[in-house]
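Mapping the sequence shown onto this note's numbering, position 34 (from 1) lands on 170, and the numbers just tick up by one. Ideal Cβ positions, reconstructed from N, Cα and C, are used throughout, including at glycine. Since we're looking at a predicted model, the values are computed, not measured. Take a look at the structure set out below.
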Amino acid sequence: CRRGRDALLVSLAVWVWLALLVPRVAPDVASAAYRLPTRLETDVAIQRDLRTLGDSHNPDDPHFAQFKQQTLARYGVQRVEELPVNYKGLLALEGERLT
């Protein structure tokens, strides 16, 4: 009877450890081991990266001015109005591709 009770107590202790204590302690241990950037740091990094990519809403942006020239040359036209496709749609696709 002693061995059965001991096995039950050990099993119960292991279950309590695995089911109750580890899930509560694991996030704190992980946070201490690996620091994640804060929301502000993440937002600043995203804005910095987007600034280097260019702004598809700014017609004077160097990247998108080059994209416009390449698009006009690809279709063999001089102006955006002469394109056989919707230029704003192409611009939106290019902006999405970069981000």
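Point to revise | Buried versus exposed, by CB contacts within 10 Å (16 or more), Ser147 | key: Per the 10 Å Cβ criterion, exposed.
Review point. Taking the continuous alpha helix (DSSP H) assigned at Glu177, which residues delimit it?
Key: Counting along the chain, the alpha helix (DSSP H) containing Glu177 begins and ends at 175-189.
Point to revise | Cut-off 7 Å between Cβ atoms - residues of its own chain near Tyr211, not counting five sequence neighbours on either side | key: Spatial neighbours of Tyr211 in its own chain (CB-CB distance under 7 Å, excluding positions within 5 residues in sequence) are listed in chain order as Leu219, Pro220.
Practice item. Would you mind giving the Cβ-Cβ distance between Ser192 and Leu227, rounded to the nearest angstrom? I have them listed as a contact below 8 Å. Key: Sure, about 5 Å apart at Cβ, within 8 Å.
**Study point:** Residue nearest to Phe200 in terms of C-alpha spacing, selected from Arg175, Glu217, Glu232
**Key:** Distances from the CA of Phe200 to each of Arg175, Glu217, Glu232 were compared; the closest alpha carbon is that of Glu232.
Review point. So what's Pro219 in DSSP terms, helix, strand or just coil?
Key: Per the sequence shown, the amino acid found at residue 219 is Leu instead of Pro. Under the three-state reduction of DSSP output, Leu219 falls in the coil class, being neither helix nor strand.
**Study point:** Euclidean distance between Cα positions of Arg139 and Ala168
**Key:** Cα to Cα, Arg139 sits roughly 40 Å from Ala168.
**Study point:** Arg313 versus Asp164 - alpha carbon distance
**Key:** There is simply no residue 313 to check, as the chain begins at 137 and stops at 235 in what is shown.
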